[in-house]
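Trainee:
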Amino acid sequence: MSVFTGWRAALRIARRDALRAKGRSALVVAMIAVPVLGVTALDVTYRSVEPTAAEELAAQVGSADALLRDPEAGPLDQSVSGDDYNPLSEDPPAPEATPALDLRTAFPKGARGISIQSVPAHVTTGYGVADADIFELRTSDGMARGKLDLVDGAFPKNSGEMVATEPFLKSAGLHIGSHVTVHGPERKYTVTGTVEEPDNLSFKALYADPGAVIAPWKAVAARDKKVLPPNAGALTWLVKADNGKGVSWSDVMAANKKGAVVVSRQVVLDPPPDSEVPLIKKRGTSQMPENSDELSAALITIVAMAVLEIVLLAGPAFAVGARRSRRQLGLLGTCGGDRRHVRAVVLSGGLVLGGAGAVVGVVAGLALTALFRPLLEEQAGHRFGSLALEPKELLAIAVIGMITGVLAALAPAIVAGRQSVLESLTGHRGVRRSSRVLPSVGAGALVIGVGIAIVGGTTGNSTAVAAGSVVAELGLLCCIPVIVGVLGRLGRALPLSPRMALRDAARNRGRTAPAVAAVMAAVAGSVAIATFVSSKDAEGEYDYTPMFSATSVALYASDEGDSTAAEQLLPAQAAVERNMNTTSDPARISQVWAGSDCGTYYEDENSCGALELVKPAGKGHACPLNTKGAKELALRMSDEEHRSTMHSPECVDERYTIDTFNSGGSNIVVGGPALLRTYVKLDDPAAAKALEAGTPVLLNRAYAKDGEVTLKAVHRYSDKDKKNRALHPGPARTRTDRLKVYTADAKYAGTPGIRMIMPEKTAQRLGLHTTLYGSIYSVSRPPTDAETQRTDAAIQQAGGTVYVRSGTEPGDRENIMLLVLTLFAGVVTVGAAAITTGLSKADAEADLTTLSAVGAPPGVRRTLSGFQCLVVALTGVLLGTAAGLVPAVALRLIDLRNALKEMRLDPMESAYTPIVLPWATIGLLAVVVPLLAGLLAAVFTRSRLTLSRRAG
Numbered sequence: 005m006s007v008f009t010g011w012r013a014a015l016r017i018a019r020r021d022a023l024r025a026k027g028r029s030a031l032v033v034a035m036i037a038v039p040v041l042g043v044t045a046l047d048v049t050y051r052s053v054e055p056t057a058a059e060e061l062a063a064q065v066g067s068a069d070a071l072l073r074d075p076e077a078g079p080l081d082q083s084v085s086g087d088d089y090n091p092l093s094e095d096p097p098a099p100e101a102t103p104a105l106d107l108r109t110a111f112p113k114g115a116r117g118i119s120i121q122s123v124p125a126h127v128t129t130g131y132g133v134a135d136a137d138i139f140e141l142r143t144s145d146g147m148a149r150g151k152l153d154l155v156d157g158a159f160p161k162n163s164g165e166m167v168a169t170e171p172f173l174k175s176a177g178l179h180i181g182s183h184v185t186v187h188g189p190e191r192k193y194t195v196t197g198t199v200e201e202p203d204n205l206s207f208k209a210l211y212a213d214p215g216a217v218i219a220p221w222k223a224v225a226a227r228d229k230k231v232l233p234p235n236a237g238a239l240t241w242l243v244k245a246d247n248g249k250g251v252s253w254s255d256v257m258a259a260n261k262k263g264a265v266v267v268s269r270q271v272v273l274d275p276p277p278d279s280e281v282p283l284i285k286k287r288g289t290s291q292m293p294e295n296s297d298e299l300s301a302a303l304i305t306i307v308a309m310a311v312l313e314i315v316l317l318a319g320p321a322f323a324v325g326a327r328r329s330r331r332q333l334g335l336l337g338t339c340g341g342d343r344r345h346v347r348a349v350v351l352s353g354g355l356v357l358g359g360a361g362a363v364v365g366v367v368a369g370l371a372l373t374a375l376f377r378p379l380l381e382e383q384a385g386h387r388f389g390s391l392a393l394e395p396k397e398l399l400a401i402a403v404i405g406m407i408t409g410v411l412a413a414l415a416p417a418i419v420a421g422r423q424s425v426l427e428s429l430t431g432h433r434g435v436r437r438s439s440r441v442l443p444s445v446g447a448g449a450l451v452i453g454v455g456i457a458i459v460g461g462t463t464g465n466s467t468a469v470a471a472g473s474v475v476a477e478l479g480l481l482c483c484i485p486v487i488v489g490v491l492g493r494l495g496r497a498l499p500l501s502p503r504m505a506l507r508d509a510a511r512n513r514g515r516t517a518p519a520v521a522a523v524m525a526a527v528a529g530s531v532a533i534a535t536f537v538s539s540k541d542a543e544g545e546y547d548y549t550p551m552f553s554a555t556s557v558a559l560y561a562s563d564e565g566d567s568t569a570a571e572q573l574l575p576a577q578a579a580v581e582r583n584m585n586t587t588s589d590p591a592r593i594s595q596v597w598a599g600s601d602c603g604t605y606y607e608d609e610n611s612c613g614a615l616e617l618v619k620p621a622g623k624g625h626a627c628p629l630n631t632k633g634a635k636e637l638a639l640r641m642s643d644e645e646h647r648s649t650m651h652s653p654e655c656v657d658e659r660y661t662i663d664t665f666n667s668g669g670s671n672i673v674v675g676g677p678a679l680l681r682t683y684v685k686l687d688d689p690a691a692a693k694a695l696e697a698g699t700p701v702l703l704n705r706a707y708a709k710d711g712e713v714t715l716k717a718v719h720r721y722s723d724k725d726k727k728n729r730a731l732h733p734g735p736a737r738t739r740t741d742r743l744k745v746y747t748a749d750a751k752y753a754g755t756p757g758i759r760m761i762m763p764e765k766t767a768q769r770l771g772l773h774t775t776l777y778g779s780i781y782s783v784s785r786p787p788t789d790a791e792t793q794r795t796d797a798a799i800q801q802a803g804g805t806v807y808v809r810s811g812t813e814p815g816d817r818e819n820i821m822l823l824v825l826t827l828f829a830g831v832v833t834v835g836a837a838a839i840t841t842g843l844s845k846a847d848a849e850a851d852l853t854t855l856s857a858v859g860a861p862p863g864v865r866r867t868l869s870g871f872q873c874l875v876v877a878l879t880g881v882l883l884g885t886a887a888g889l890v891p892a893v894a895l896r897l898i899d900l901r902n903a904l905k906e907m908r909l910d911p912m913e914s915a916y917t918p919i920v921l922p923w924a925t926i927g928l929l930a931v932v933v934p935l936l937a938g939l940l941a942a943v944f945t946r947s948r949l950t951l952s953r954r955a956g
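In our numbering, the protein residues as written are 5 to 956.
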């Protein structure tokens, strides 16, 4: 008989056995299909989330052939994509001196178009008043499809109707049929539908037909001088050619001669040769975006871990099959079959069920990706043009799933082949000593794997990270029998049920170890990804630079220098106190400047003054990362040392200067002790006493030397600034003063927008000008959209021109990925533990019968099953957590290497690369999931057993 004939018989037996034991076969298929499903969904999502050139074009031009805009530069040459241009004139006129271009004169002959123009406005909402962007666009025109799509309702049919995006309606408390009033023209509109921009699903905006908002607003402003005219944006046009072929390159160049920039679908998708593009001729190169098909290091590691997970997840299921089929395999031996044939039958089972699991996994992965496509698009922030299916990749995933199914059956096949015919027929397992070689090899592989992964991380080799992670997990897998054996010795002091559960797990390591390995694999993958994502989020939070304190709210008057600003603040303060969670009384804050205010007299750079704190030179003052020798210093710094230096008072404001309170870059404000408490969060009686005595409080100690700061004031005035110039007649002058200051602790150096607080009387003594900016409250949390809109409505109703400003906190969005990973690992953990519990019940049926016969209470059977399940789940979770940290740490080392490389090129770039453990995920997996598995096992186990005669 040939080899192929023997395998055909084995495959036939395996197929019939799979059909005979449908429940067990379904279990094996499911355990193989789950990881294949995950990898398939990941592959399709990864390919679909990146927009194609056609999808990017649709976001710009919709279903039109081209988009035209006027850059106000006169005749020009442009790039093929329209994202770059160069005026033909060597000395182009200023935009304000260029006459407006009627873009319709640049249309190709016979083409038609629809205009797009935006205008910011205050609109009424379900809560109060909100700022909104309104776009005038004929949304019902087919050219807008792809750029703007209808979700629900209908497009506007007249000038009294609008459509809105879902995020705007949700934040404004509105719905289809609601009425919106635009302040300015004071016109009311009806919301007739919801729309979305496919490339930006979080965009908040309103859309009306051309002429519905801007023209009436201009007419009202012309009649009533108290109404400000609309601040409309530039006009652009979507164009459809009448030739059915689109807008050609010759049409684009003709429009360029008239001063228009064109984004043409035909040109971008089928670009002309470089020789026909004047801009490329001038610059000498074609700057096309590079397209890399390389997968990220994280993705490579995930795929490698998924392959290993298939083997470990399916292993317990095949162990169940081999154990249940041992009598059948024994009969095969009595008919002349040897160990090769027994192994072939078990391996054939792996091939049959592995192939079925791979096919089911790929199909289910595609189906679930399509089903959850809207959720995936919401997470990505844009619509997928289509699900990108790569047949070769999907085939490779299916083949890998099938092969790993065979590998999962390898260990059970070897065990089944070693059993004697007599043991198989009688059901006796015999006694075998545990191998001492396997744990030693496993410990060595664990150490080597961790070393390879760490070396791969430090050298930036993602392949080494993936290989090392797999080797480490395999090494830990080999150590599981020994770990389970050690656990058996811990049960001596425990009550009956947990003691029996631990000893049963140690005595039957052949079924316990694969189940623990399955749990370990699932948890390792989830913990690895969760740790990587949590670390990335922490890195993003560190890089976040707040423009305003997250626990403060500011009120400021729109007309600077208006004598009625204090009066306007009174009703605004009442609105804030009524609608927001304030935790303090208001603290006043004023602007201070020298000469004429540059915020008002900005036309000429020599027509306004300047005020600055002069930073001393030397150690403790100058930032070492922004001075001579910074690159040499960066070469010697670790990421933690660099982080500490970047957050020091010397460097904290060197990278960014945040002008929160219109201080002209000086970050000096005028205020009193209340400002320290409400905004700075500095509760220091000595600092408050210093302000009351006329001594400024310095928040950034790097500007102080010997307890004093140097204040440089340039008193330069505009001829238009009659009021302030009368106070300081004569030519411009520069004054430098040394001021004694109270220096705050270093942690206050990063206070957004404030470097020093100066008392009012000190500013007057120095000849500086001040005006009330507004007032600041301390709040328990950032206000919601509804609270802000209610406050704005109350302020406008009171007739004041006061605005509300609030801060935001970084990382305040929920991470769906961590939740999905936790649920996946939890489901697999419960499933693998349940499999082991079921197998242990089948193996220990005779022991349970004896237990009942000797008078054990019925509840012992339940508690024993629960503790057996708990042991497997808890052991697998703890080992999986340790195994998952290896690739996560190694991948972060790759990120650290890249960050240090960038930092050493530019020492002011952040190199902080934290490793943050997802404690919430680990806590759920280590505590909640094992307890849930044990509880379910106890609940679904029958407490009473029908006694039967013991065999033997």
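All residues carry an ideal CB built from backbone N, CA and C; glycine is no exception.
Bear in mind that the values here come from a model prediction, so they are computed numbers and not experimental data.
(1) Quick check on the DSSP output: the beta strand (DSSP E) that includes M760 runs from which residue to which?
(2) Under the DSSP definition of a beta bridge, which residues are partnered with Y969?
(3) Going by other Cβ atoms of all chains shown within 10 Å of its Cβ, with 16 needed for buried, is M551 buried or exposed?
(4) Could you give the DSSP three-state label for E200: helix, strand or coil?
(5) G177 and A528 - do their beta-carbons sit closer together than 7 angstroms?
(6) Exposed or buried, E654, counting other C-beta atoms within 10 Å across all chains shown (16 or more means buried)?
(7) With a cut-off of 8 angstroms on the beta carbons, I'd call A519 and V40 a contact; round off their distance for me.
(8) Rounding to the nearest angstrom, what Cα-Cα distance links T867 and G938 in this structure?
(9) If P189 and P214 are in contact, beta carbons under 8 angstroms, what's the gap, nearest whole angstrom?
(10) Taking the beta carbon of D796 as the centre, do at least 16 other beta carbons fall within 10 Å, making it buried, or is it exposed?
(11) By alpha-carbon positions, which one of T738, M147, K26, W253 ends up nearest to A62?
(12) Specify, as a first and last residue, the run of the alpha helix (DSSP H) that K285 falls within.
(13) Which residue marks the beginning of the beta strand (DSSP E) containing P124, and which one marks its end?
(14) Quickly, what does DSSP pair L154 with across the bridge? List them, please.
(15) Leaving aside the five residues before and after L637 along the sequence, list all residues of the same chain whose C-beta is less than 8 angstroms from its C-beta, in chain order.
(16) Is there contact here, the segment 46–56 with the segment 384–391, by at least three beta-carbon pairs under 8 angstroms?
(17) Output the distance between the C-alpha atoms of S352 and G358, rounded to the nearest integer angstrom.
(18) Quick one: Cα of S784 to Cα of T586, how far?
(19) Quick one: residues in its chain with C-beta nearer than 6 angstroms to the C-beta of T185, no 5 flanking neighbours on either side, listed in chain order?
(20) Report, in whole angstroms, the separation of the C-beta atoms of G448 and C483, which I expect to be a contact under 8 angstroms.
(21) For M504, report the span of its alpha helix (DSSP H) as first-last.
(22) Count Cβ pairs between the segment 272–284 and the segment 137–144 that sit closer than 8 angstroms; are there 3 or more?
(23) Between the segment 101–111 and the segment 150–158, do three or more beta carbon pairs fall short of 8 angstroms?
(24) Please name the residue, chosen from H719, G114, K261, that lies closest to G734 on a Cα-to-Cα basis.
(25) What alpha helix (DSSP H) runs, 4 residues minimum, are completely inside the segment 712–752?
(26) Determine the direct distance from the alpha carbon of R640 to that of L173, and round the result to whole angstroms.
(27) Compute the distance between the beta-carbons of L450 and L480, then report whether it is under 7 angstroms.
(28) Excluding five sequence neighbours on each side, which residues of the same chain lie with their C-beta closer than 7 angstroms to the C-beta of L882?
(29) Which residue's Cα is closest to the Cα of A168: T738, R227, A212?
(30) Taking only runs that begin and end inside the segment 199–259, name each unbroken alpha helix (DSSP H) of 4 or more residues, in chain order.
(31) Candidates P275, I180, P171, D137: which alpha carbon is nearest E200's?
(32) DSSP on Y131, reduced to helix/strand/coil?
(33) Return yes when the Cβ of R592 is within less than 7 angstroms of the Cβ of S782, no when it is not.
(34) Is the segment 230–238 in contact with the segment 113–133, if contact means three or more CB pairs nearer than 8 angstroms?
(35) I'd like to know whether the C-beta atoms of T198 and I120 end up nearer to each other than 7 angstroms.
(36) Is E280 buried or exposed, if buried means 16 or more other CB atoms sit within 10 Å of its CB?
Mentor: In short, the structure shows the following:
(1) 760–762
(2) Here the chain comprises residues numbered 5 to 956, so residue 969 is not present and cannot be evaluated.
(3) Around the beta carbon of M551, a 10 Å sphere encloses fewer than 16 other beta carbons of the protein chains shown; the residue is thus reported as exposed.
(4) strand
(5) The criterion of a C-beta distance shorter than 7 angstroms is not satisfied by A528 and G177.
(6) buried
(7) Not really, about 20 angstroms apart at Cβ, beyond 8 angstroms.
(8) 9 angstroms
(9) About 15 angstroms separates the two Cβ atoms, so there is no contact after all.
(10) So D796 counts as buried.
(11) M147
(12) Note, K285: alpha helix (DSSP H), 282–287.
(13) That run of the beta strand (DSSP E) goes 116–128.
(14) DSSP links L154 through a beta bridge to V199.
(15) By the criterion of a C-beta distance shorter than 8 angstroms, L637 is surrounded in its chain by P628, L629, P911, once the five residues flanking it on both sides are discounted.
(16) yes
(17) 9 angstroms
(18) Cα to Cα, S784 sits roughly 7 angstroms from T586.
(19) T128, K192
(20) 10 angstroms between Cβ atoms; not a contact.
(21) 500–511
(22) Segments in contact, no.
(23) Contact between the segment 101–111 and the segment 150–158 is absent, because fewer than three Cβ pairs lie under 8 angstroms.
(24) H719
(25) 726–731
(26) 53 angstroms
(27) yes
(28) A930
(29) A212
(30) List check, alpha helix (DSSP H) in window: 218–227.
(31) Residue P171 is the option with its Cα nearest to E200.
(32) coil
(33) It is not a contact, given that the beta carbons lie outside the stated cut-off.
(34) The segment 230–238 vs the segment 113–133: in contact.
(35) Going by C-beta atoms, T198 is not nearer than 7 angstroms to I120.
(36) exposed
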